[in-house]
Amino acid sequence: MAKQKKRWFRLIAPKFFNEQQIGESLALGPDELKGRTLKANLSTLINNIRKQHIVISMLVDRVEGDKGYCSIMGMEISPASIKRQVRKRRTRLDQTLKAITKDGKPITLKLMLLTRNVIKGSVFTNLQKQSKDIVLRKIAKTDFAPFAEEVVTGRLQKEIKEKLNKIYPLRMVEVKSFSHNRFLKAVDLRKIKENIAKENRNMPREIKKEKEEDKEEKKEETKKKE
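In my numbering, the protein residues as written are 2 to 227.
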């Protein structure tokens, strides 16, 4: 039996990045190509040199002909670029959040808040809690792909900053990284679900009310489809 030869496949960016070609990859066939991961600089994807400190992780999830179509799997900001933003006489708040999107994909997201001045005590605690509630709620009500777009475009960060500025003026809100945990163990997934349930029990009354309204909207949408 003749040995099968590898061939070149073109790698295509997600629709969010206008399905431009971002590279090529050698593979024996579609089955070998599917599931491969790659990274690309955001500045290249959107032709903006100011975004060269951001790296986008992608996965080949579909192959048609000689094209491997990619989807976003995560994003990471260069630690050096974050370090340049941090100065004395400011307070930095870091959080690592684990949650599950509306379409059932587990996410790990690292959030950073930077205040205009030094803070402590109840203000610090309130900022930390409210930012966590905002992000967890957003993840729970959004599918992974549109959530990823909100982070990459900075819309999520802007929303968080606008809401938290009512508590204390922030200089910056940044998502240092986020990723879809594809190979998460069942026991770890169960822990995330348990933590989410615990957070829901401790959630402020006004946010609980908004969540109930979201559920009612989803029910109405389902009825219309039926």
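Note that CB positions come from ideal geometry on N, CA and C, so glycine has one too.
In whole angstroms, give me the CA-to-CA distance for residue i and residue j.
i	j	result
residue 164	residue 141	18 Å
residue 10	residue 67	5 Å
residue 193	residue 114	23 Å
residue 136	residue 126	16 Å
residue 91	residue 182	33 Å
residue 96	residue 40	24 Å
residue 23	residue 153	17 Å
residue 162	residue 134	13 Å
residue 144	residue 150	10 Å
residue 6	residue 202	57 Å
residue 128	residue 117	13 Å
residue 148	residue 171	23 Å
residue 29	residue 188	35 Å
residue 94	residue 173	11 Å
residue 84	residue 12	33 Å
residue 123	residue 200	19 Å
residue 169	residue 69	46 Å
residue 195	residue 27	42 Å
residue 110	residue 156	15 Å
residue 55	residue 101	23 Å
residue 191	residue 180	18 Å
residue 65	residue 146	20 Å
residue 159	residue 112	13 Å
residue 89	residue 8	54 Å
residue 131	residue 98	13 Å
Buried or exposed for residue i, going by 16 or more other Cβ atoms inside 10 Å?
i	result
residue 184	exposed
residue 82	exposed
residue 138	buried
residue 175	buried
residue 87	exposed
residue 178	buried
residue 79	exposed
residue 14	buried
residue 119	exposed
residue 198	exposed
According to DSSP, what are the bridge partners of residue i?
i	result
residue 104	None; residue 104 has no bridge partner.
residue 25	11
residue 40	58
residue 176	112
Can at least three beta-carbon pairs, one atom from the segment 9-19 and one from the segment 67-78, be found at a separation below 8 Å?
-> yes
Does the segment 35-42 come within contact of the segment 53-70, defined as at least 3 CB pairs closer than 8 Å?
-> yes
For the 8 Å Cβ check, are there 3 or more pairs between the segment 103-121 and the segment 44-55?
-> no
4-residue-minimum alpha helix (DSSP H) runs that sit fully inside the segment 121-174, ordered along the chain = 122-141, 145-154, 156-165
Tell me the start and end of each unbroken alpha helix (DSSP H) in the segment 44-102 that is at least 4 residues and wholly inside, in chain order.
-> 80-86
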